[in-house]
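Inspection log for the structure reproduced underneath, given as structure tokens.
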Amino acid sequence: MNRCFAIVTLSASLLILTGTLAFGVAGEEIYQVKQGFKLVPAIIMVALLCIYIGVGFLSKVSSTSGYWVAGQGVGKIGNGAAIASDWMSAASFMGVAGLLYLKGWFGLGYIIGWTGGYVLLLCLIAAQIRRFGKYTIPEFLGDRYNSHGVRLIAASVTVIIAITYSTAQFKGIGLICGWIFGMDYSSSVFFAAGVVCTYMLISGMSGVTRNQQIQYVVLISAFLIPLWVLLRKAGGTGILPQIEYGHIISNLMEGQTASGQLDPEATRAIRNAYLPWGKGDFYHFIALVFTLMVGTAGLPHIMIRFYTVKNEDVARRSVLWGLFFIGLLYWSSPVYAAMGQFWNPAGGKAVADVIILSAPERAGLGNAFIGYLASGALAAGLSTVAGLLIAGASAIAHDWYATVYRPGCPDRQALLVGRVFTAVLCGIVVLFALNPPALIAQIVAMAFAIAGNTIFPAVVLGIWYSRSNKYGALAGMLFGLGMTLLAMFGWMAKIPMFSDQGILPATSSALIVCPLAFLINILVSNAMDDKLDDESAERGDNILRKLHNLPGYVEEGDS
Amino acid sequence: MAKKPRVSVNFFAPSTDGMKAETSVAKTILVLWFLLSYGIPTLIWLAGLSDPNGLGESFLTNARFLGFPLHYWLLAQGCTLGYLFLCKLYCVLWDMKIIPLRKS
């Protein structure tokens, strides 16, 4: 116990240290919206937070299985809403509108990438992974390939994804708290961290799942309701904003905005952004879309949602519902981008990540509406962070601690380790969030590149190719992880090859790396086929029998 | 103890009836998914090749649908609606092909 407290105290003090160092470096977006403390939004936000924590508290759990996967009893619409709520992060809520505002038509690649990935997930992974029916993705990979190496790489990747993805969420949460309370960016990130930690530690995943359905309702209504008012102010009839904004986009291409006709120079700039290749070429568009799709299908915290459903029929239908709930958001976020452009055509990068606050503000929507919207964005960020940190902490506690490091340790101990690491991960994320390297949606896209290049090939071949073995999986995953990290660091170091215009951009590296990772896995597996020990072959086959309902499956004992 | 024969699972060469049915449904949906996801951008790209400015202006960007520029609508709403339809189709095909197999 003492050691755990030492870790927590150490990470807390590190945080405070870095916090003071990073003071004022990031978050200049906050100065693009109205400053100062806002009473009505603050009340709305605090009330919502009380509901979340209250629900979390009422559904307290004490067994390990309840903590990780909510006891396998959630229905299709409920699970669909949980998938959507897990999915609807600050990136979807604030980031996509920001990117569309900045990149025009090219930004639509994020929308089709993030919805199309679900089709892949459904066709190749969902039903089979449900039949496997254990806790985590590293566990699936580790059992299927009978290798602690594969398990540990998968666990590390899960943790890296959790950290990268949560960083983006914390940036969003920080910006929102900054707007509501008039805090500077750094203090609002710490404030957000406190809320997230309390909420996560009080409840386990069971609380999280139930919360996520409430959060979905809150966040989607928060996102949709202001649109009607916004569109009326822009001169529409305000019946169906998701269709009506088409005229606004067509007019924007002619240079007509709220402040009247733009000069020819500005008109051309806007027109180019809405033409297909004004902000990026064909190759980069396809690469981005492909990366986001395989990433979506490879995200561990989305895949574990399929363990929480009753059976595989529900698993399939919950993807349909999940996609519908997600679609509601993505049909609406371009409206915010178009509105932002209509009222503030030349805001640029500084305003992009707060466009969903800035557009209504410019339109004079009033603090109550914007406060509700902000609370929705906060809900989006919180629920995603909760899901991610759980997935990350369970990768450490379950796949490393309870399986590799101390097999057979008591449930209570694994649960404690899980809670400690949830706090530690939260600390690391705050460190990164204080000085975020890119726009919200771009940071998230990098997490997708990691998932698509490492987890996706290993899971798909693990399910659909019986000759794939641990040597192939190790080689493929190491290659995928190495290349993605290389692209990420190259991007941060501003090396041209990895930049937005380069051949291997960090946000879209999977078009090249993912197929190669598949190929390496297949080739190495075949080359090493003779070397594979009988036990690994037998265990792998046994799991395949279960995944595909083949005869001869034997229940495994303690592994 | 005699060694059990290895299991054979391959997406492109399914070995049992159940797997055959599952992969055939998955393949159908994946082909449609591919056409939707990459066919539409390719169409926009091909149509826009004649634009001297290299911005991809074409009949697709000049046409209007529900007030939208057509190329914008196709991605912003057309594709997502398509994916929803594909998910629904997958569930329907699965119920038609795989559920009866399970019962027999």
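Chains as they are written, first to last, in our numbering: chain A, 1 to 559; chain B, 560 to 663.
Glycine included, each C-beta is placed from N, C-alpha and C at the ideal position.
Asked	Found
To the nearest angstrom, report how far apart N79 (chain A) and Y405 (chain A) are at their CA atoms.	33 Å
Give a single yes or no on whether M492 (chain A) has its beta carbon closer than 7 Å to a heavy atom of the ligand GDP.	Questions concerning the ligand GDP fall outside what the structure shown contains, since it holds no ligand whatsoever.
Quick one: using the 10 Å Cβ neighbour count with 16 as the cut-off for buried, is S147 (chain A) buried or exposed?	buried
What are the start and end residues of the alpha helix (DSSP H) that includes A244 (chain A)?	Per the sequence shown, residue 244 (chain A) should be read as Glu rather than Ala. Counting along the chain, the alpha helix (DSSP H) containing E244 (chain A) begins and ends at 241 to 253.
Counting contacts by CB-CB distance shorter than 8 Å, is W105 (chain A) in contact with chain B?	yes
Which residues bound the alpha helix (DSSP H) around V590 (chain B)?	576 to 593
Quick check on F570 (chain B): does DSSP put it in helix, strand or coil?	coil
State buried or exposed for L21 (chain A), treating a residue as buried only when at least 16 other CB atoms are found within 10 Å of its CB.	With a pLDDT of 36 at L21 (chain A), under the threshold of 50, the modelled position of this residue cannot be trusted, and the question is left open.
With a 10 Å radius around its C-beta and 16 neighbouring C-beta atoms as the bar for buried, classify G260 (chain A) as buried or exposed.	exposed
Could you tell me which of B:C650, B:K647, B:L625, B:M655 sits nearest to L240 (chain A), measuring between CA atoms?	B:L625
Can you tell me whether N521 (chain A) is buried or exposed, with buried defined as 16 or more other CB within 10 angstroms of its CB?	buried
List the residues of chain B that G327 (chain A) touches, going by C-beta distances under 7 Å, in chain order.	T639, L643
Helix, strand or coil: how does DSSP classify I7 (chain A) here?	Confidence in I7 (chain A) is poor, its pLDDT being 47 and thus under 50, which makes the residue's placement too unreliable to answer from.
From L608 (chain B) to L382 (chain A), what distance separates their C-alpha atoms?	44 Å
Along the chain, where does the alpha helix (DSSP H) that runs through Q413 (chain A) open and close?	411 to 433
Skipping 5 residues on each side, what residues in its chain have a beta carbon closer than 8 Å to that of G327 (chain A)?	T115
Listed from N- to C-terminal order along the chain, which residues in the region 261 to 295 of chain A have their beta-carbon within a distance smaller than 9 Å of any beta-carbon of chain B?	R271, N272, Y274, L275, P276, W277, G278, D281, F282, F285, I286, V289, F290, M293
Is the Cβ-Cβ distance between Y274 (chain A) and I249 (chain A) less than 8 Å?	yes
Nearest to I443 (chain A) by CA position, among A:P407, A:I163, A:Q501, is which residue?	A:I163
Cβ of L439 (chain A) within 8 Å of Cβ of G98 (chain A)?	yes
For a quick check, are the C-beta atoms of S166 (chain A) and V460 (chain A) less than 8 Å apart?	no
Apart from the five residues just before and just after S332 (chain A), which ones in its own chain have a Cβ nearer than 8 Å to its Cβ?	F223, L224, L227, P241, Q242
P611 (chain B) and W620 (chain B) - do their beta-carbons sit closer together than 8 Å?	Reading off the sequence shown, one finds Thr at residue 620 (chain B), where the question assumed Trp. Their beta carbons are not under 8 Å apart, which means T620 (chain B) does not touch P611 (chain B) by this criterion.
S583 (chain B) CB to nearest chain C CB: under 8 Å?	The structure shown has no chain C; the protein chains it does contain are A and B.
Counting Cβ pairs, one atom from each stretch, are 3 or more of them under 8 Å apart for the region 494 to 512 of chain A and the region 580 to 588 of chain B?	no
Please classify C50 (chain A) as buried or exposed, where buried requires at least 16 neighbouring CB atoms within 10 angstroms.	exposed
Does DSSP put K546 (chain A) in a helix, a strand or coil?	helix
Based on the DSSP output, what are the partners of P628 (chain B) in its beta bridges?	B:R623
Compile a chain-ordered list of the residues in the region 599 to 620 of chain B whose CB is closer than 7 Å to at least one CB of chain A.	P600, I603, W604, G607, G613, L614, G615, E616, T620
Please check the pair I153 (chain A) and L478 (chain A), which I expect to be a contact at CB under 8 Å, by giving their CB distance rounded to whole angstroms.	7 Å
Does chain B have any CB closer than 8 Å to the CB of I249 (chain A)?	yes
Any residues in the region 538 to 549 of chain A with a beta carbon nearer than 9 Å to a beta carbon of chain B? Which ones, in chain order?	E538, G540, D541, N542, L544, R545, L547, H548, N549
Give me whichever residues DSSP pairs with Y465 (chain A) in a beta bridge.	B:N569
Between the alpha carbons of R539 (chain A) and V150 (chain A), how many angstroms are there, rounded?	14 Å
Using a Cβ-Cβ distance under 8 Å, would M253 (chain A) count as near chain B?	yes
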